[in-house]
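Student: Sequences listed follow chains W and C, in order. First residue of the first sequence? That's 1 in UniProt numbering, and the numbers climb one at a time after it. First residue of the second sequence? That's 1 in UniProt numbering, and the numbers climb one at a time after it. The beta-carbon is built from N, C-alpha and C at its ideal position, and this holds for glycine as well. Computed from a predicted structure; not experimentally measured. Take a look at the following structure, please.
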Amino acid sequence: MTGLADTPASAPPAGPSLASRLRAIFFAGPVTSIATVMLFLIVAMAIFAPLIAPHDPIRLSPATRLKPPSAEFLLGTDAYGRDLLSRVIYGARISLIVGVGAAVFATFIGLVIGLAAGFFRRFDAILMRIVDGLMAIPSILLAIAIVALSGASLWTVLVAITIPEVPRVVRLVRSVVLSAREEPYVEAAISLGSSTPRILVRHLLPNTVPPLIVQGTYICASAILVEAILSFLGAGINPETPTWGNIMAEGRVYFPINPGIILWPGLVLSVAILSINLLGDAVRDALDPRMAKRGIDR
Amino acid sequence: MLRYIAQRILAAIPVMGFVALFVFLLLRLSPGDPAAIIAGDAATPEQLEAIRERLGLNEPIYTQFFDWVSRLLQGDFGTSILSGTPVIDMIMGRLEPTVSLALTTIVLAILIAVPLGVIAAWKHGTLIDRLVMAISVLGFSVPVFVIAYVMIQVFAMNLKWLPVQGFKSIFDGVGPFAERIALPTLTLTLLYIALIARITRTSMLEVMGEDYVRTARAKGLREGRVLMRHALRNCAVPIVTVIGIGFALIISGVVVTESVFNLPGIGRLTVDAVLARDYPVIQAVILLASLVYVVINLLIDIAYVLLDPRIRYA
Chain W
1 MTGLADTPAS
11 APPAGPSLAS
21 RLRAIFFAGP
31 VTSIATVMLF
41 LIVAMAIFAP
51 LIAPHDPIRL
61 SPATRLKPPS
71 AEFLLGTDAY
81 GRDLLSRVIY
91 GARISLIVGV
101 GAAVFATFIG
111 LVIGLAAGFF
121 RRFDAILMRI
131 VDGLMAIPSI
141 LLAIAIVALS
151 GASLWTVLVA
161 ITIPEVPRVV
171 RLVRSVVLSA
181 REEPYVEAAI
191 SLGSSTPRIL
201 VRHLLPNTVP
211 PLIVQGTYIC
221 ASAILVEAIL
231 SFLGAGINPE
241 TPTWGNIMAE
251 GRVYFPINPG
261 IILWPGLVLS
271 VAILSINLLG
281 DAVRDALDPR
291 MAKRGIDR
Chain C
1 MLRYIAQRIL
11 AAIPVMGFVA
21 LFVFLLLRLS
31 PGDPAAIIAG
41 DAATPEQLEA
51 IRERLGLNEP
61 IYTQFFDWVS
71 RLLQGDFGTS
81 ILSGTPVIDM
91 IMGRLEPTVS
101 LALTTIVLAI
111 LIAVPLGVIA
121 AWKHGTLIDR
131 LVMAISVLGF
141 SVPVFVIAYV
151 MIQVFAMNLK
161 WLPVQGFKSI
171 FDGVGPFAER
181 IALPTLTLTL
191 LYIALIARIT
201 RTSMLEVMGE
211 DYVRTARAKG
221 LREGRVLMRH
231 ALRNCAVPIV
241 TVIGIGFALI
251 ISGVVVTESV
261 FNLPGIGRLT
271 VDAVLARDYP
281 VIQAVILLAS
291 LVYVVINLLI
301 DIAYVLLDPR
311 IRYA
């Protein structure tokens, strides 16, 4: 994706460096700073899981079933004797892969379709009916149906979560393109005889980048949530893989014995989603203060 | 007015058409033989052939689609692979818990969220405002099933105020019904409160900068009257819109909440159907949920005209 700085129209005047601008966004206030640190910790946890996790997250160990928290097992163990802390640490991996993957795919696919819809009017009429139809289907039900049909794997779960997000991106991109194509610089480009792909990429695409970055963070948060719900309902990635939703699903029967099996992954999951949403808000406020008022569809 | 309503209804029909087409194509385009997906792993070739025959899979695809849609229009949603009963009967039998949960959730959310939003906007920038915003961010971010288990831990296990699971029909007495629906409702309503409180606050803030609010205050009207009669009334359109959008969230939330609290509703039916790969049931639930969503949004479009006389025949 083209960065902001690559486009001549919006090249920033020589000013504060990129690092200090990023710092101004991600450490804008106490709440945003905490969100940044939390998300950083969760990402680090995912990347360095094998180094941090004190035990094997998958190997069964019947001798240590359902132990309460202790020095060896900080959060206790699950019904198969596996260390809960290690499983929660490994769980961050699937969540982040699904979150980032869905955000990237949905944004990219939605961008291409949205640009086309905004620019080619004839294509638009049919496409918007399809988008309306897709948006009428509740996203969890759609995701459940796709996984149920194609079998659960990381890949199908990712596809199932991405598809319901695409129409929302299409709508966003289309509305940006529709208002931008009325601008004098686009009219000028058309009358100068610029080719259509050039107008799309050089003049219209840059306008969509700021709202898409914001929308992308919200998609990431919602994808992590939907993945956890799918796993929790038993319609997600296979139950042996430590995902936060899977750990919680296994903990349901044992909730009266060890509520931690559900509450700990639930806490980390909530913190992850909360941090991403808060950072999305921070980026939105920094990129375009007016966007906060318009209220981007989340 | 009538023309406007007719236009909205006509516009909703193609949307449902595309939903049906999509649900239809989902089964046909998924990798593998649809008959094998429906029949499961243990099916014999004869069973597969019987399913193919019944679904009309040997016909051309457009014939299949139109046959299927015409059966849908007659209320025939097919039969469950698992139990062999008509899907529509299964859904009707599970309707009550789901409708009860959805209605109590929406009513409770509106009763709590609208005043919260108004107060937050009125006391803009104060601690109360920040608190309302914090609740709303939390409501968006904490997953429904996490909230559910915190509720169970606190109200059912620690305090022992409410039963953990189950459902009693309201026709068996209001007491037992309320006792069992309370926790699921509290759980599900948080997300909805977040959504409605947020939009109420934002639109109130916008409206309260308007001239007519200043005029109302200058006339010496009491603050409560200014807020309710002059400000909140003009926020009706965005609030009602969000209530409609939130309906999709409710449907998703119901699936999870029913599963946690063991309510025998549509949500549980769906999850059981997914685990058993009972595709006709999943298909019917998606179609009906989308239909409900489209109809609610249609009603909201019509409500706009009643709420705001400036909107006419848009």
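(1) Under DSSP, the alpha helix (DSSP H) around N207(W) begins and ends at which residues?
(2) Can you tell me the Cβ-Cβ gap for D200(C) and V118(C), rounded? I've got them flagged as a contact below 8 Å.
(3) Helix, strand or coil for P62(W) per DSSP?
(4) Apart from the five residues on each side of it in sequence, which residues of its chain come closer than 6 Å, Cβ to Cβ, to A11(W)?
(5) Please say whether V173(W) and L111(W) have beta carbons closer to each other than 9 Å?
(6) So G208(W) and V176(W) are supposed to be a Cβ contact under 8 Å. How far apart are they, rounded?
(7) By alpha-carbon positions, which one of D67(C), L57(C), P280(C), L306(C) ends up nearest to S80(C)?
(8) Tell me the residue span of the alpha helix (DSSP H) that contains T200(C).
(9) Within a Cβ cutoff of 7 Å, which residues of the same chain sit near R294(W), ignoring the five residues on either side of it in sequence?
(10) Once DSSP output is grouped into helix, strand and coil, what is the label at residue 336(C)?
(11) Within a Cβ cutoff of 7 Å, which residues of the same chain sit near G234(W), ignoring the five residues on either side of it in sequence?
(12) Going by DSSP, which residues form a beta bridge with P86(C)?
(13) Between the stretch 132-159 of chain W and chain C, which residues of the former have CB atoms less than 9 Å from a CB of the latter, in chain order?
(14) So, are the CB atoms of V170(W) and V131(W) less than 9 Å apart?
(15) Using a Cβ cut-off of 7 Å, pull out every chain C residue sitting near N277(W), in sequence order please.
(16) Please confirm if the stretch 253-264 of chain C is in contact with the stretch 273-282 of chain W, defined as three or more CB-CB distances below 8 Å between the two stretches.
(17) Taking the DSSP output, what are the residues bridged to D83(W)?
(18) To which residues of the same chain is I181(C) closer than 7 Å at the C-beta, ignoring the five residues directly before and after it?
(19) For H230(C), which three-state DSSP category applies?
(20) Run through chain C and tell me which residues come within less than 8 Å of G234(W), C-beta to C-beta.
(21) Determine the contact status of G245(W) and I261(W), defining contact as a CB-CB distance below 9 Å.
(22) Buried or exposed, going by whether 16 or more other CB atoms sit within 10 Å of the CB of F66(C)?
(23) Count the other C-beta atoms from every protein chain shown that fall within 10 angstroms of the C-beta of T243(W), then say buried if there are 16 or more, exposed otherwise.
(24) Beta-carbon within less than 8 Å of I190(W)'s beta-carbon, same chain only, minus the 5 sequence neighbours each way: which residues are those?
(25) Looking only at its own chain, which residues have a Cβ that is under 7 Å from the Cβ of V98(W), when we skip the five neighbours before and after it?
(26) For V271(C), report the span of its alpha helix (DSSP H) as first-last.
(27) Alpha carbon to alpha carbon, how far is W68(C) from V253(W)? Give it in angstroms, no decimals.
(28) Label S70(C) either buried or exposed according to how many other C-beta atoms from any shown protein chain fall within 10 Å of its C-beta, with 16 as the threshold for buried.
(29) For chain C, find out if any of its Cβ atoms is closer than 9 Å to the Cβ of A24(W); answer yes or no.
(30) Which same chain residues end up closer than 7 Å to L186(C) when comparing Cβ atoms and leaving out the 5 residues on each side of it in sequence?
(31) Would you please verify whether the beta carbon of F40(W) is less than 9 Å from any beta carbon of chain B?
(32) Taking contact to mean at least 3 C-beta pairs separated by less than 8 Å, is the stretch 134-144 of chain W in contact with the stretch 250-257 of chain C?
(33) Rounding to the nearest angstrom, what Cα-Cα distance links L149(W) and D278(C) in this structure?
(34) On the three-state DSSP scale, how would you describe F120(W)?
(35) With a 10 Å radius around its C-beta and 16 neighbouring C-beta atoms as the bar for buried, classify P167(W) as buried or exposed.
Tutor: On the basis of the coordinates in this document:
(1) Against the first sequence, residue 207(W) aligns to sequence position 207. N207(W) -> alpha helix (DSSP H) spans 205-233.
(2) Within the second sequence, the letter at position 200 stands for residue 200(C). Within the second sequence, the letter at position 118 stands for residue 118(C). The question names Asp, but residue 200(C) in the sequence shown is Thr. About 6 Å separates the two Cβ atoms, so the contact holds.
(3) Locating residue 62(W) in the first sequence gives position 62, where the first residue counts as 1. Of the three classes helix, strand and coil, the one that applies to P62(W) here is helix, per DSSP.
(4) Stepping through the first sequence from its first residue, residue 11(W) is reached at position 11. With a pLDDT of 47 at A11(W), under the threshold of 50, the modelled position of that residue is not reliable, and the figure given next carries that caveat. Within the same chain, A11(W) has no close Cβ partners at all.
(5) Sequence index remark: in the first sequence, residue 111(W) carries index 111 (1-based). Sequence index remark: in the first sequence, residue 173(W) carries index 173 (1-based). Inclusion of L111(W) and V173(W) in the CB contact set at 9 Å is warranted, their separation being smaller than that value.
(6) For the purposes of this step, residue 208(W) is identified with residue 208 of the first sequence, where counting begins at 1. For the purposes of this step, residue 176(W) is identified with residue 176 of the first sequence, where counting begins at 1. Going by the sequence as given, residue 208(W) is Thr instead of Gly. Contact between T208(W) and V176(W) holds: their C-beta atoms lie close to 5 Å from each other, under 8 Å.
(7) On the second sequence, position 80 is the one that residue 80(C) refers to. Ranking D67(C), L57(C), P280(C), L306(C) by Cα distance to S80(C) puts P280(C) first.
(8) Stepping through the second sequence from its first residue, residue 200(C) is reached at position 200. First-last of the alpha helix (DSSP H) with T200(C): 174-207.
(9) The sequence position of residue 294(W) within the first sequence is 294, counting from 1. With a pLDDT of only 43 at R294(W), under the threshold of 50, the placement of this residue in the model should not be trusted; the figure read from the coordinates follows. Nothing listed; no residue qualifies.
(10) Since the first residue of chain C shown is 1 and the last is 314, residue 336(C) is not available in this structure.
(11) Counting from 1 along the first sequence, the entry for residue 234(W) is found at position 234. Closer than 7 Å at Cβ, skipping near neighbours: A249.
(12) Within the second sequence, the letter at position 86 stands for residue 86(C). T79(C).
(13) Only those residues of the stretch 132-159 of chain W whose C-beta falls short of 9 Å from the nearest C-beta of chain C are listed: D132, G133, L134, M135, A136, I137, P138, S139, I140, L141, L142, I144, A145, I146, V147, A148, L149, S150, G151.
(14) Locating residue 170(W) in the first sequence gives position 170, counting from the first residue. Locating residue 131(W) in the first sequence gives position 131, counting from the first residue. The Cβ atoms of V170(W) and V131(W) sit closer than 9 Å to each other.
(15) Locating residue 277(W) in the first sequence gives position 277, counting from the first residue. For N277(W), the residues of chain C that pass the 7 Å Cβ criterion are V137, F140, S141, in the order they occur in the chain.
(16) Contact between the stretch 253-264 of chain C and the stretch 273-282 of chain W is absent, because fewer than three Cβ pairs lie under 8 Å.
(17) Counting from one through the first sequence, the residue named residue 83(W) turns up at place 83. Looking at the DSSP assignment, D83(W) forms a beta bridge with T77(W).
(18) As a working mapping, residue 181(C) is identified with position 181 in the second sequence. For I181(C), same chain residues with a beta-carbon under 7 Å away, outside a window of 5 residues either side, are S100, L101, T104 in chain order.
(19) Translated into the one-based positions of the second sequence, residue 230(C) becomes position 230. When DSSP states are grouped into helix, strand and coil, H230(C) belongs to the helix group.
(20) Taking the first sequence and counting its residues from 1, the one referred to as residue 234(W) is at position 234. Annotation: Cβ neighbours of G234(W) in chain C (cutoff 8 Å, chain order): V271, V274, L275.
(21) On the first sequence, residue 245(W) is found 245 positions in, with the first residue counted as 1. On the first sequence, residue 261(W) is found 261 positions in, with the first residue counted as 1. Contact check for G245(W) against I261(W) fails: the beta carbons are separated by 9 Å or more.
(22) To locate residue 66(C), count along the second sequence from 1; it is residue 66. Residue burial is scored here from C-beta neighbours: F66(C) has fewer than 16 other C-beta atoms within 10 angstroms and is therefore classed as exposed.
(23) Walking along the first sequence from the start, residue 243(W) turns up at place 243. By the 10 Å Cβ count, T243(W) comes out buried.
(24) Counting from one through the first sequence, the residue named residue 190(W) turns up at place 190. Only residues of its own chain outside the window of five on either side were considered, and among them I199 have a CB closer than 8 Å to the CB of I190(W), listed in chain order.
(25) Locating residue 98(W) in the first sequence gives position 98, counting from the first residue. Cβ neighbours of V98(W) beyond the five flanking positions: V157, L158, I161, A223, I224, E227.
(26) Within the second sequence, numbered from 1, the residue matching residue 271(C) stands at position 271. In the DSSP assignment, V271(C) falls within the unbroken alpha helix (DSSP H) covering 266-276.
(27) The residue labelled residue 253(W) in the question sits at position 253 within the first sequence. The residue labelled residue 68(C) in the question sits at position 68 within the second sequence. Whole-angstrom Cα-Cα distance: 41 Å.
(28) Along the second sequence, one-based indexing puts residue 70(C) at 70. So S70(C) counts as exposed.
(29) What you label residue 24(W) is simply residue 24 of the first sequence in a count that begins at 1. Output row for A24(W): interface = no.
(30) Locating residue 186(C) in the second sequence gives position 186, counting from the first residue. Within the same chain, L186(C) has close Cβ partners M151.
(31) The chain inventory of the structure shown lacks chain B, comprising the protein chains W and C.
(32) Yes, the stretch 134-144 of chain W is in contact with the stretch 250-257 of chain C.
(33) In the first sequence, the residue the question calls residue 149(W) occupies position 149. In the second sequence, the residue the question calls residue 278(C) occupies position 278. So the two alpha carbons sit approximately 10 Å from each other.
(34) Residue 120(W) sits at position 120 when you count from the first residue of the first sequence. Reduced to three states, the DSSP call for F120(W) is coil.
(35) Residue numbering aside, residue 167(W) sits at position 167 when the first sequence is read from its first letter. Sixteen is the threshold: when 16 or more other Cβ atoms of the shown chains lie within 10 Å of the Cβ of P167(W), as they do, the residue is buried.
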